[in-house]
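Single-structure report; data block below.
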Amino acid sequence: MKHREPELLERETESALIAKAISGIKEGGGLILVKGVAGTGKSRLLSEIRTGATQAGLGVTTARGTEFEQDFAFGVVRQLFEELAFKADRTPRESLWTGAARQAREAIDVISSAGEPGDFAILHGLYWLTINACQDRPLVIVVDDLQWCDKPSLRYLAYLLPRIETQPLLVAVALRTEERATDERLLQHIISAPALAELNPRELSAQATANLLGQVMHGEVEEEFAITCHRATGGNPLLLRELGLTFTAQGVSASARNAERVAGLGGLAVAHLVASRLMALPDACAPLARAVAVLGDRSPLMRAARLAGQDSISMALECAILLEQRGIVRIDEVYGSPTLSFVHPLVRNAVYESLDRTDRTTSHHRAAIMLREGGSPPEQVAYHLMKIPATMDPVAVSDLRAAAAAAAARGAPESAYVYLRRSLEESLKGDERREILLEAGKTALLFDVVTGARLLQEAWDGMDPIERAEIAPYLGMAYIYLARTDVGIDIQKSTISGLPANDDDLKKRLQACLLSSSTWYVPGRGDIVDCLPELRQLPQGDGFGDRLLYCAVAGRNTALGDPSGVLRARETLADETFVDQADPNGPLACGWWSLAAADDDASIDSLDNAVKRAHVGGSLFTLASVYIHRGYTLLWHGDLAGAEQDGRETIRVGQLNGSAVTRLLGTTVLAEALIEQGHLDEAEQALAEVGITATTCPPGPVYLSLTALSRLQRVRGNYETALGIAVQAEEACRLYQIKNPAVADWRTLAALALHHLDRDGEARVIADENLNLARRWGAPRALGRALRVSGLISPEQGRLELFEKAVDILKESPAYLEYAKALVDLGAALRKAGHRNDARPPLRHALDLATRCGAVTLAGRAGAELAIAGGRRRRTALTGPGALTPSERRVADLAANGQTNRQIAQTLFVTPKTVEVHLSNCYRKLCVTSRVQLPAALAVS
């Protein structure tokens, strides 16, 4: 008879919260978090969630992390989706694999021909696979023992949870609090998500102890026996259950006269209780249980029987049934075949620990050979090779490297590195060892720069100049990230000098990487800037190295305020093949930055295409760079909603990849957008979370972050503080040799703060310098802003001319927000000069532009000035196609062309909730009530 699960006891509060979450799933999803020490009933509450969801007609999929499988890439994800996304014959359920979800096949398929998408592309695909899975009916995802979940699966959950607020999806996870997690940072990110319910099951009372023992032992429990058991176990449900099962197996009743026997068993560990139950079973049962302990949960019965030395499957099935009846294992059916799992991780540990070291090693080696001969995936073989000593298996390196390649293809660099690190413990010859060192070092750089640098340095020491050139950019940037900037730069310089004179393309590639890294990350290296004249004089070509160098030179020139490289960067970025092949974290990013600072619309087109590529085949680091640069470009163009969205996405990516620089730059984009939208408290909090305050500042390229904080303080009216922070930004810019006011406008902020402090003489000196630099750069946004600021601090008789020049320069540019600011200042100046009629047109235009940009504070000022000038303020909100923000317009166009919300979300790489919000705004601004009316409404000019 199959062991029946006991009734849930003293969990009325938890049950009510579970029922409430399940009943409300159609209104929007979220997290149910179950926390507690081992044995308190976390898994039992997850079972209650599964049962309640099933009874409510919801879809349910479950998985469990295990201590022994933490390096198995996407192990938990595969458990969740293997049966959900595939039919019994292993053919996919096509409705789930539409759109971006196809990118997730690499993570779930044991054998896949989908190529090698990057880690972010797989995360994005898994997100859409999940969304697709909950469209026909709400879905509940259940994950037990989250602390042992493999890192790629943790990253999936961390990516998923912030994006399911409006989806019919519940994620229920159980966490053992006293255990160390696979990745504490990712775990904290997951459990810090707003929870619909947090359940903390406690120990049972004496009365509940008696009830539980009665269910387990199938009879009456006398009070003295129950009290003694409660005292011995502390009311821990798992220990009580194990005691009851052990007494039942021994034929001991729950009477008062047997209470003294509790003292003999009650203090024993679960291992002794399980061992005593195994001893009461036929001899063939224990080897099968030990085989499952070695193979891991969800072991096919035939595989476990073979490892246990049992030729008869019928006999193995009989043993499995007996083990299930004794509460040791659970029999499930997967694709029509029986599999075995332990009822609890502590039970598995008990059986596994009963094997001595020699038996464990031998069993794992036999398992590895069995799986290899059976054609199992390399990661399954590698799992067992990791458990045996080096040199024990003559072909271990081949299997481990194959497992690393499979893990890397699934976007799981941490797992790939573990296999490569184990390969290095084998006896390797020089070339093979150096090859694996190089592979392991590059892989480790994706998540652990210290380890990556150490391995690459070891590989570097045995390489010739050409081989060194292949890894110099990686090793150099690793040292730069570790704040050993001089070492990183010197490695790249020495590599360049050691190359043969005729290898121009490779030399140019390295020079481009050296120049780009020194532009944004390395302060105070004048020797790098000094080489610019020489680089500019190099013969021009169209090789890959040439194009990288064009971008790098343009980026360095942009920092210096020299526009000479912009045209060449524009021509280079127009080549989509080049952009597709280049690393977005290197010289390519310099090209984007140069075009954005020059107000060139081509930057947006290139970045939009890069976002698409990153979602299809990019890494988290790739996507972070693209989002940062697009966020700043949207910000400078006045698309505040788009900039805010990219800033938030950058921060989320930084939380997933652990990059402090990514979070810093993403937060800065977000803060700038929030300031312009009038959300000052949120902006200040965001900056504080990455260490940017009036009194603290982290190391690194903080000139942009300090500029944002200075702007925030100026808007708040804290002019002394704003001035002090602007001076800090100046020092940071000087250190990084950034002179261009289009990149960091600390001079604008310093001049305005000084003006408000009645220090106009000093303000004009800074404003004049700012204007001269902006004229040299020549781009409308920087020059228009410099003219406007000069007007604000000039005597009244000279202001109008400066404001008019600013408006004239900005009106044909994409810098709509800066244009709106110039119009407001012009209108205000005209009004103060007594030209009220002339003031109204620029103020009305400014109000429209500011409203379109979402610049609430600026729109309020424009409206107030318009009212003072005698103009009528709008009684209704700005309407018509011109009222749409760029982000809203993109959504409206796609909806008008017949795309559904989910299709729009996949096209624009946003969440369905974001599409819903934009469409709601579009309907309001276009005065329509449905998407069928959109084509006609958008056609109105």
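For the record, in the sequence shown the residue sitting at position 282 is 276 according to my numbering, with numbers rising by one throughout.
Just so you know, even glycine gets a beta-carbon here, dropped at the ideal spot from N, CA and C.
Using the beta-carbon count (16 or more within 10 Å), is residue i buried or exposed?
i	result
residue 303	exposed
residue 471	buried
residue 346	buried
residue 641	buried
residue 894	exposed
residue 177	buried
residue 631	buried
residue 986	The structure shown does not extend to residue 986, since the chain spans only -5 to 935, so no value can be given for it.
residue 483	buried
residue 838	buried
residue 734	buried
residue 544	buried
residue 705	buried
residue 139	buried
residue 23	buried
residue 217	exposed
residue 49	exposed
residue 10	exposed
residue 174	exposed
residue 73	buried
In three-state terms, what does DSSP make of residue i?
i	result
residue 170	strand
residue 135	strand
residue 163	strand
residue 68	coil
residue 495	coil
residue 715	helix
residue 946	Past the boundaries of the shown model lies residue 946; the chain is included only from -5 to 935, so the question cannot be answered.
residue 245	coil
residue 792	helix
residue 86	strand
residue 585	helix
residue 903	coil
What I want to know is whether the C-beta of residue i ends up closer than 7 Å to one or more non-hydrogen atoms of the ligand ATP.
i	result
residue 883	Among the components of this structure there are no ligands whatsoever, and the ligand ATP is therefore not found.
Please report the residue range of the beta strand (DSSP E) in which residue i lies.
i	result
residue 26	24 to 30
residue 327	323 to 328
residue 334	331 to 336
residue 778	First-last for residue 778: 774 to 786, but that is the alpha helix (DSSP H), not the beta strand (DSSP E).
I need the boundaries of the alpha helix (DSSP H) containing residue i, first residue and last residue.
i	result
residue 762	754 to 771
residue 607	596 to 611
residue 560	560 to 567
residue 468	459 to 475
residue 142	Residue 142 -> no alpha helix (DSSP H), and no H or E assigned at all.
residue 20	Segment: none, residue 20 is in no alpha helix (DSSP H) and carries neither H nor E.
residue 339	339 to 347
residue 551	538 to 554
residue 367	351 to 367
residue 48	36 to 49
residue 374	372 to 379
residue 401	390 to 403
* To do: Mind the definition here: the stretch 502 to 520 touches the stretch 558 to 571 only if three or more C-beta pairs lie below 8 Å; say whether that holds.
  => no
* Evaluate contact between the stretch 165 to 176 and the stretch 129 to 141, counting only Cβ atoms and requiring at least three cross-stretch pairs below 8 Å. => yes
* What runs of the beta strand (DSSP E), each 3 residues or longer, lie entirely inside the stretch 179 to 227? -> 189 to 193
* Inter-stretch contact (C-beta, 8 Å, three-pair minimum) for the stretch 883 to 898 and the stretch 923 to 934 -> yes
* Asked: Does the pairing of the stretch 313 to 328 with the stretch 349 to 367 give three or more beta-carbon distances under 8 Å?
  -> no
* Can you list the alpha helix (DSSP H) stretches of 4 or more residues lying completely in the stretch 417 to 452, in chain order? -> 424 to 439
* Asked: Which parts of the stretch 284 to 308 are runs of the alpha helix (DSSP H), unbroken and 4 residues or longer, counting only runs that do not cross its ends?
  -> 295 to 301
* To do: Tell me, please, whether the stretch 848 to 867 touches the stretch 894 to 903 by the rule of three or more beta-carbon pairs shorter than 8 Å.
  => no
* Count the C-beta pairs between the stretch 181 to 191 and the stretch 203 to 215 that are closer than 8 Å, then say yes if the count reaches three, no if not. => no
* Asked: Touching or not, the stretch 793 to 806 and the stretch 750 to 758, by the rule of three or more beta carbon pairs under 8 Å?
  -> no
* How about the stretch 545 to 554 and the stretch 502 to 513: do they share at least three Cβ pairs that are nearer than 8 Å? -> yes
* To do: Taking 8 Å as the threshold, find out whether the stretch 737 to 750 comes into contact with the stretch 716 to 725 through three or more Cβ pairs.
  => yes
* To do: Determine, using beta-carbon pairs with one atom in the stretch 612 to 628 and one in the stretch 566 to 584, whether at least three such pairs fall under 8 Å.
  => yes
* Within the stretch 619 to 661, ranges of the alpha helix (DSSP H) (whole runs, at least 4 residues) -> 634 to 651
* Segment contact flag, the stretch 807 to 817 with the stretch 833 to 849, C-beta cutoff 8 Å, min 3 pairs -> yes
* Asked: Is the stretch 364 to 380 in contact with the stretch 324 to 331, if contact means three or more CB pairs nearer than 8 Å?
  -> no
* Three or more beta-carbon pairs under 8 Å between the stretch 147 to 161 and the stretch 89 to 96, yes or no? -> no
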